[in-house]
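What follows is one structure encoded as C-alpha cells, with my remarks underneath.
Residue numbers (our numbering): 559 to 942.
Structure follows, in C-alpha cells:
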C-alpha cells in the first residue's frame, strides 16, 4: 500500500524567513507541495464528515465550504512562512505572526464561504439564523483543527531545526578532528627536525665524553621534548602542569643551543597544575617565541611563561624580549591552528599577539573557566 507523502518531513531543509520579499508572486508559494495540499483536503474532509449530521444543507456544499477554508488557511501559512523579516517588528517572532494570521483568516474565510453558499448576498446570510449558527460551527471547527495542525507543524520544524544544528555541530567537530590530526602530523614533522635532533645528540655526546654533570639532565630534557613532539594518538589530553614541564624541557634544549643568548623562566601555581589542557598548546606559544623572537635576534633575550587566574578564566602569557613583531607578518600555521582549536573546544576563549613592553612580543591566551571549577581546579574545563 502506497503511503501518503509527509507534508512536513523532518529531513527537509529549513531556512529562516527571508530578509527581502520574494520577487515574483509564485515565489510566495515555494514549499506548497502536493503533499501539503492533499493533507489539507483530507483534514477538511474529516471536519465536514463530523459536522454533516448537524447541518441541513447537502454534504457537497458543506464540504466545499470547509475546503475553501482549508485552502485559504494553507495559503496563509505558506505566505506567513515566507514573510520577510524586515516587514515585521524585531520583537515579533514569526510563529506569533503565523498564529495571529490563522486566528484572523480562518473565521474570515468561513464567513466568505457561508455568504457564498447563501447565494452570495449578505442579506440572505444575515437574515437566516440557521446559516449564522452554521457559520459559527464551521469557523470554530476549522479554527481548532487549523491551530492543532499549525502547532504540530511548528513542533516538527523545531525538532528538524534542532537536528540540523546538531548535525552542523557534529560536522564542525569532525572537521576540527581532521584539522587536529593534520596539525599533529605537521607538528611531528616540524618539531623532530633531523639536523636539530642530531645536533642535540652530538652536544649530549660531547657532554658525556667530557664528564659534564649536566649530561643526564639534558638527556632527560631531550626525552621529554620528544614525548611532547609525538602526537597523542589516544587523545587523552594533558594537564597544565605537564605542559609546563614539556615547555621547560624544550626551553632547556634551546638554552643548550644558545647558552649565552637565551634565558627563560616559568611560573605556575600549584592550584593550576591539575587543570586539563590541550596537548602541545603551550608548546606552540613557546616555540613561536623562540623561533620568531629570540632566534633571529642577535642579542637574544628572555622568555617568561606564566599562568594565572584572572576573573572567570585562565590566562597564559608567553613574553619574550627578542626581535619583536615584524610589520605585516601574518601569524604562523601553528598559532592559527591553536586559535581554531581553542575556538571549537572552548567557546569564549581569546588570543592576542602584541608588542611587548620595551622590546619583544607578548602572546596572551585566555580560556574561560566555569565558576564551579574555580574551587577544584583539578577538574577543570579542559577535560578531553
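For each residue, glycine too, the CB sits at the ideal point set by N, CA and C. The model shown is predicted, which means the values in this text are computed figures rather than measured ones.
Kindly confirm or deny that the stretch 840-849 and the stretch 802-813 touch, where touching means at least three C-beta pairs closer than 8 Å.
yes
Over what stretch of residues does the alpha helix (DSSP H) that includes residue 619 continue unbroken?
617-639
By the DSSP assignment, the alpha helix (DSSP H) with residue 974 in it spans what residues?
The structure shown does not extend to residue 974, since the chain is modelled only from 559 to 942, so the question has no answer here.
Which of the three DSSP states is assigned to residue 770 in this structure?
coil
Given that a residue counts as buried once 16 or more other Cβ atoms are within 10 Å of its Cβ, and exposed if not, what is residue 836?
buried
In the DSSP output, what is residue 796 paired with across the bridge?
BP columns for residue 796 point to 835.
Quick one: what's got a C-beta closer than 8 Å to residue 626's C-beta in the same chain, skipping five residues either side?
667, 670, 671, 674
Among the residues of its own chain, which have a CB less than 6 Å from the CB of residue 923, if the five just before and after it don't count?
874, 909
If you follow the beta strand (DSSP E) that residue 883 is part of, which residue opens it and which one closes it?
Element bounds for residue 883: n/a, residue is neither H nor E.
Just list the residues that DSSP pairs residue 516 with in beta bridges.
What the structure shows of the chain is the stretch from 559 to 942, and residue 516 is not part of that stretch, so it cannot be assessed.
Label residue 702 either buried or exposed according to how many other C-beta atoms from any shown protein chain fall within 10 Å of its C-beta, with 16 as the threshold for buried.
exposed
Residues in the same chain with beta-carbon distance under 8 Å from residue 657, minus the five sequence neighbours each way, listed in chain order, please.
The residues are 705, 708.
For residue 805, which residues in the same chain have their Cβ closer than 7 Å to its Cβ, ignoring the five residues on either side in sequence?
824, 840, 841, 844, 863
Which of the three DSSP states is assigned to residue 926 in this structure?
Annotated three-state conformation of residue 926 is strand, per DSSP.
Less than 8 Å between the beta carbons of residue 765 and residue 773, yes or no?
yes
Under 7 Å Cβ to Cβ from residue 896, same chain only, skipping five residues before and after it: list those, please.
839, 842
Which of the three DSSP states is assigned to residue 732 in this structure?
Here residue 732 sits in helix by DSSP.
For residue 907, which of helix, strand or coil comes out of DSSP?
coil
Going by alpha carbons, who is nearest to residue 696 out of 602, 882, 830, 800?
602
Taking DSSP as the reference, what is the three-state secondary structure of residue 867?
strand
In the DSSP assignment, find the unbroken alpha helix (DSSP H) run with residue 848 in it and report its ends.
First-last for residue 848: undefined, no H or E at that position.
Would you kindly check if the distance between the Cβ of residue 822 and the Cβ of residue 872 is under 8 Å?
no
Starting from residue 684, trace the alpha helix (DSSP H) in both directions and tell me its first and last residue.
680-684
Using only CA atoms, which one of 857, 595, 798 lies nearest to residue 545?
No answer is possible for residue 545: it lies beyond the span of the chain, which begins at 559 and ends at 942.
In terms of alpha-carbon separation, which member of 711, 607, 611, 653 lies closest to residue 594?
711
Please state whether DSSP places residue 601 in a helix, a strand or coil.
helix
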